[in-house]
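I have placed the structure first, in the form of structure tokens, so that the comments after it can refer back to it.
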Amino acid sequence: MRKLITGMKLSLDGKIEGAEGYADWVEAWSDDYGLMPQVDACVLGGGMYPGYERYWTGIQNEPNTPVWITGSAPTPAEVEWANFAARTPHYVLSNTLTSALWPKTSFIRGVEEIAALKQQPGKDIYLMGGARITASLIDAGLVDELRLIVYPLIAGEGKALFATTGRRRGLKLRKIEQLTDGRMSIIYGVDSFSDPRSS
Ligand SMILES: NC(=O)c1ccc[n+]([C@@H]2O[C@H](COP(=O)([O-])OP(=O)(O)OC[C@H]3O[C@@H](n4cnc5c(N)ncnc54)[C@H](OP(=O)(O)O)[C@@H]3O)[C@@H](O)[C@H]2O)c1
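Numbering-wise (this note's numbering), the sequence shown opens with residue 3 and increments by one.
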């Protein structure tokens, strides 16, 4: 079965965005999790999709122009992701969004459709966020792996990755690596049935 793998860039206090509504501590939104070679589909929440589509459409159309959020010209790795995103199916979990600019974007209305997607043949699936869909899919037991990049920052006010998580779940440390600028890459496997209180 295809694995559902999430990749998130967060502060040490678990925030995936600051008070401004985005993670201004992230200098580039490239795939720094090494996921591109192993995935052929992306799953996103309706909360993040409009901003995501706007950001990457800007880079697809004008790869040398400074972009919204970072305020810098896209890095080569961001241009690579923009091209990958253009040819890769995106599935957006939303009960309100109905249209997208990208022809390969489709909308799904329930978590069970993501379970069905995992059963289809193909490579692994990248769960891109944001916080609420990630929490819901972890609670539903559908997320297989967390790839986190932890920034050396206490963000304070902002949206926490696990703010809406409802269930306790064990994690298995698979890999930890020190990156540049004080960042840490941490990969966890997610246990399917791990709450000792429920056994
Ligand atoms: N730091 C990072 O690495 C990173 C990565 C990705 C995103 N982000 C941030 O994440 C933010 C968005 O996160 P978010 O938590 O607000 O929104 P989200 O997780 O992207 O989307 C949540 C939305 O999905 C829809 N939905 C439908 N069924 C759902 C279910 N069972 N569980 C959860 N959601 C369901 C709902 O929208 P409808 O009302 O349309 O149904 C809900 O409001 C963005 O602003 C972005 O800045 C950060």
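Even for Gly, the Cβ is constructed at its ideal location relative to N, Cα and C.
With 16 as the cutoff for other CB atoms within 10 Å, does residue i come out buried or exposed?
i: Y24; result: buried
i: S201; result: Legend: pLDDT at S201 = 43, less than 50; position of this residue unreliable, value from coordinates given subsequently. By the 10 Å Cβ count, S201 comes out exposed.
i: R149; result: buried
i: S13; result: buried
i: E147; result: buried
i: D126; result: buried
i: T107; result: buried
i: P154; result: exposed
i: L95; result: buried
i: T8; result: buried
Hey, out of the options, whose CA is closest to residue i's CA?
i: M10; options: G191, R171, V152; result: V152
i: G124; options: G73, G36, A43; result: A43
i: P202; options: L139, P65, Y128; result: The structure shown does not extend to residue 202, since the chain is modelled only from 3 through 201, so no value can be given for it.
i: V45; options: E159, I189, K120; result: K120
i: W58; options: L103, G48, E19, K17; result: L103
i: E114; options: D126, Y93, G131, G191; result: Y93
i: G143; options: G48, R171, S101; result: R171
i: K177; options: K5, G36, E22; result: G36
i: Q16; options: G53, G191, G160, K174; result: First, the amino acid is wrong: residue 16 is Gly here, not Gln. Out of G53, G191, G160, K174, G160 has the C-alpha closest to the C-alpha of G16.
i: M3; options: I116, R169, F86; result: I116
i: D141; options: A157, F164, G132, P154; result: F164
i: S138; options: I156, G47, I189; result: G47
i: G168; options: T136, M186, W70, R185; result: T136
i: R56; options: W27, A87, V28, R185; result: A87
i: T100; options: T90, G53, R111; result: R111
Alpha helix (DSSP H) containing residue i: first to last residue?
i: G172; result: No alpha helix (DSSP H) holds G172; DSSP gives it neither H nor E.
i: V120; result: The question names Val, yet the displayed sequence has Lys at residue 120. Where K120 is concerned, the enclosing alpha helix (DSSP H) stretches over 113 to 121.
i: E55; result: 51 to 63
Along the chain, where does the beta strand (DSSP E) that runs through residue i open and close?
i: T8; result: 6 to 13
Next on the checklist: I want to know whether the stretch 78 to 90 touches the stretch 29 to 38 - three or more CB-CB distances under 8 Å.
Outcome noted: Below 8 Å, enough C-beta pairs join the stretch 78 to 90 and the stretch 29 to 38 to call them touching: three or more.
Checklist entry - Whole beta strand (DSSP E) runs in the stretch 123 to 157 with 3 or more residues, listed along the chain? => result Counting whole runs of 3 or more residues, the stretch 123 to 157 contains the beta strand (DSSP E) stretches 126 to 131, 147 to 153.
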